[in-house]
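Undergrad:
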Amino acid sequence: MNIDQIRTLLLTQRKAVGWSQEELAERSGVSVRTIRNLETGTNRNPRRVSVELLLAAFEGASLPLPLAALAHFPTDPAPRSFPHSPHAETEDGPEEDGASCRASWRGIRPRPDSMVGRQADLRHVLDTARRSRLVVLTGPGGVGKTRLALAAAEEMAPLFRDGVAVVELGSLTAEAGDGRAAFEEVRRTVDAVVALDPTLDDPAPADVRMLLVIDNAEHVIDCVSFLTQRLLDTYPGLQVLVTSRRPLNVFSADAWDVAPLEIDPLDGRAPTQSAAVELFLRRTRSSVPTLDLGDRLTMVAEVCRRLAGLPLAIEIAAHRLRSVPLEAMLREGPILPILDQVNLGGLSHHRPLSGTVKWGYDLLDKPQRSLLHHLAHQPHAFTIEDVVGTAPFGSKNGASNINLLAELVDASMVQVRRGRNYEYHVLGFVREYVNGLAHGPAPVPERATVSA
42 MNIDQIRTLL LTQRKAVGWS QEELAERSGV SVRTIRNLET GTNRNPRRVS
92 VELLLAAFEG ASLPLPLAAL AHFPTDPAPR SFPHSPHAET EDGPEEDGAS
142 CRASWRGIRP RPDSMVGRQA DLRHVLDTAR RSRLVVLTGP GGVGKTRLAL
192 AAAEEMAPLF RDGVAVVELG SLTAEAGDGR AAFEEVRRTV DAVVALDPTL
242 DDPAPADVRM LLVIDNAEHV IDCVSFLTQR LLDTYPGLQV LVTSRRPLNV
292 FSADAWDVAP LEIDPLDGRA PTQSAAVELF LRRTRSSVPT LDLGDRLTMV
342 AEVCRRLAGL PLAIEIAAHR LRSVPLEAML REGPILPILD QVNLGGLSHH
392 RPLSGTVKWG YDLLDKPQRS LLHHLAHQPH AFTIEDVVGT APFGSKNGAS
442 NINLLAELVD ASMVQVRRGR NYEYHVLGFV REYVNGLAHG PAPVPERATV
492 SA
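This note's numbering applies: residue 42 is where the sequence shown begins, and numbers increase by one.
So this is what it looks like as structure tokens:
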């Protein structure tokens with residue numbers, strides 16, 4: 042693909058989504074000046090990383106533009122300078138004063154509408170970030186980890202002289218099989234946005250003050266753990282916020298489990314006043330403004346209960362009301378087929394609803410899948426004794442079952458309520474997906490490790 046084809050592609054796609062040059066600049070981290078000169082043909086030799094960032098922004102808008110299209114596009118012709126340096130230059134020369142939005146925010150931005158039911162989570166993340174340079178948000182797919190991380194980053198942004206950089210890893214190949222190749226891909230993806238890799242000949246200045254948000258790290262968890270530790274050791278002014286269904290393998294990380302929204306509030310309020318119901322009603326007003334659910338709040342609460350309070354599922358169900366009545370979602374039988382054709386996510390593993398379960402399921406190894414299939418047949422909560430007492434998976438002792446259960450919890454495929462006695466459960470739509478598989482657990486490659 043030559044420069045004229047790239048220019049036509051970018052201009053056509055920007056108009057297709059209705060973005061101004063300024064909006065594309067905010068979403069991609071590429072300066073308005075560079076975008077303008079690309080589209081007018083003034084710039085005939087753009088840096089490859091700039092074009093990659095622009096294409097990635099359109100991918101986030103559900104316009105698939107595979108980076109493979111750049112296979113024959115020339116690589117960057119000149120060494121890069123640190124993009125947040127006062128002396129940073131664009132492809133077209135020194136950056137204009139005030140023209141670069143990348144110094145304040147690079148990558149996807151927070152959604153403009155307000156969050157529902159996440160005020161306590163946000164306070165905890167902000168409090169933790171005051172004492173920890175590495176915070177990891179974990180939880181099942183579709184629970185709202187990304188949105189919470191971006192909201193926290195927006196609150197913290199004024200504290201960082203060199204701004205906020207958001208790196209999305211959901212499109213990268215999983216690290217199972219070839220850990221070294223996966224690490225190089227993660228390293229290049231992160232460095233393309235923030236230029237912090239200390240192995241480069243021209244690394245960032247050591248006094249950088251930046252907040253780095255790494256989104257969707259569960260399939261490359263070892264790679265992200267290794268790279269994050271290296272960056273934190275190299276740059277004392279760097280702070281990192283990670284979203285992942287799995288915890289990082291870094292002892293200094295502070296983790297926070299993002300749980301589904303409450304349905305039965307602990308403060309004595311009725312389920313119809315819960316955060317899950319509030320989210321459902323807000324999204325219904327946006328999708329079907331003429332529909333009044335005021336006299337059916339109990340039914341709304343029951344739908345939210347069937348969806349286990351998962352925000353993504355609730356938003357999809359509210360959107361589904363455009364064509365399906367509320368009563369249809371309360372019929373006996375699985376609810377997943379009713380909702381599974383609705384696509385609200387910008388990430389491939391959130392399209393459709395079953396995709397968010399499949400994404401996590403595919404990352405499990407064979408023994409983990411075997412235990413999950415067994416647990417998915419239990420409609421109610423269970424204890425660790427129930428797991429120890431089942432037929433062993435992978436060995437002949439109960440300790441193996443405990444280890445597998447712990448791995449499923451770490452993978453966010455099994456939820457746990459912690460207290461004096463731990464109580465476990467599998468989310469309803471996860472049970473539906475697993476029980477609906479026509480075949481048993483498929484073999485998967487052994488997980489690769491990342492070495493220095």
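C-beta atoms are modelled at their ideal positions from N, C-alpha and C, and glycine is treated no differently.
These figures come from a predicted structure and were not determined experimentally.
Candidates Leu289, Val329, Val344 and Asp333: which alpha carbon is nearest Ser315's?
TA: Residue Val344 is the option with its Cα nearest to Ser315.
Undergrad: Is the beta carbon of Pro312 sitting closer than 7 Å to the one on Ala358?
TA: no
Undergrad: CB-CB under 7 Å to Ala98, same chain, minus the five flanking residues each way: which ones, in chain order?
TA: Leu65, Arg68 and Ser69
Undergrad: Within a Cβ cutoff of 6 Å, which residues of the same chain sit near Thr169, ignoring the five residues on either side of it in sequence?
TA: Val176 and Asp295
Undergrad: Reducing DSSP to helix, strand and coil, say where His165 ends up.
TA: Reduced to three states, the DSSP call for His165 is helix.
Undergrad: Buried or exposed: where does Lys186 fall if 16 or more other Cβ atoms within 10 Å of its Cβ makes it buried?
TA: buried
Undergrad: Hey, quick one: how far does the alpha helix (DSSP H) through Ala192 stretch, first residue to last?
TA: Lys186 to Met197
Undergrad: Express the C-alpha separation of Ala206 and Leu79 in angstroms, rounding to a whole number.
TA: 23 Å
Undergrad: So, at 6 Å on beta carbons, what are the nonlocal neighbours of Val429 in its own chain, with the 5 sequence-adjacent residues on each side left out?
TA: Gly439 and Asn442
Undergrad: Assuming Leu210 and Ile255 make a contact with CB atoms under 8 Å, what is their CB distance in whole Å?
TA: 7 Å
Undergrad: What separation, rounded to the nearest whole angstrom, lies between the Cα atoms of Val235 and Thr339?
TA: 48 Å
Undergrad: Which residue wins for smallest C-alpha separation from Gly183, given the options Val227, Asn43 and Arg286?
TA: When only C-alpha atoms are compared, the closest one is Arg286.
Undergrad: How is the beta strand (DSSP E) around Leu253 delimited, first residue to last?
TA: Met251 to Asp256
Undergrad: If we count Cβ pairs, one from each stretch, closer than 8 Å, do we get three or more for the stretch 320-339 versus the stretch 278-293?
TA: Verdict: no, contact absent.
Undergrad: Which word fits Gln280, buried or exposed, when buried means at least 16 other C-beta atoms lie within 10 angstroms of its C-beta?
TA: Buried, since its Cβ has 16 or more Cβ neighbours within 10 Å.
Undergrad: So, for Gln382: in the same chain, excluding its five sequence neighbours on each side, which residues have a beta-carbon less than 8 Å away from its beta-carbon?
TA: Pro393
Undergrad: For Gln54, count neighbouring C-beta atoms within 10 Å of its own C-beta (all shown protein chains included) and say buried if the count is 16 or more, exposed if not.
TA: buried
Undergrad: Using CA coordinates, which residue listed in Gly469, Ile425 and Arg363 is at the minimum distance from Pro330?
TA: Arg363
Undergrad: Identify whether Glu226 lies in helix, strand or coil by the three-state DSSP scheme.
TA: helix
Undergrad: According to DSSP, is Arg347 part of a helix, a strand, or is it coil?
TA: helix
Undergrad: Can you tell me which residues form a DSSP beta bridge with Phe423?
TA: Tyr465
Undergrad: Using only the alpha-carbon positions, how far apart do Leu332 and Arg152 sit?
TA: Looking at the two C-alpha atoms, the distance is approximately 24 Å.
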